[in-house]
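First comes the structure, then the notes that go with it.
Residue numbers (my numbering): 602 to 703.
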């Protein structure tokens, strides 16, 4: 039996993250954030939620989840403005992240 990979591409994941931030949490991503910066903020908030004992951001009280997202969206403005295209892979982002962190 053939397996179908339903993993979203980085660009799709960034768009999903933006929609979740805006639709589910009612927040606006600051103007000018790239898809990478939005994705970074979403993932950072998710990682923090897991660090404090939740299984995901959605398991936190809404107010706390919103505050985490606001915090990381603000911090995302200082991240590199990497452009995610339809050809971008997760390996590309990992390699780029290593270079921007040093």
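For each residue, glycine too, the CB sits at the ideal point set by N, CA and C. Please read these numbers as outputs of a predicted model, since none were measured by experiment.
Distance CB(residue i)-CB(residue j) smaller than 7 Å
{"i": "residue 626", "j": "residue 667", "result": "yes"}
{"i": "residue 687", "j": "residue 611", "result": "no"}
{"i": "residue 659", "j": "residue 639", "result": "no"}
{"i": "residue 637", "j": "residue 605", "result": "no"}
Of the listed residues the options, nearest to residue i (C-alpha basis)
{"i": "residue 679", "options": "617, 610 and 635", "result": "635"}
{"i": "residue 645", "options": "620, 677, 662 and 654", "result": "677"}
{"i": "residue 685", "options": "621, 663, 609 and 602", "result": "609"}
{"i": "residue 672", "options": "691, 622 and 657", "result": "622"}
Expected contact under 8 Å - CB spacing of residue i and residue j to nearest Å
{"i": "residue 598", "j": "residue 670", "result": "This structure does not reach residue 598, given that the chain is present from 602 up to 703, and the question cannot be answered."}
Q. Is there contact here, the stretch 629-637 with the stretch 650-657, by at least three beta-carbon pairs under 8 Å?
A. no
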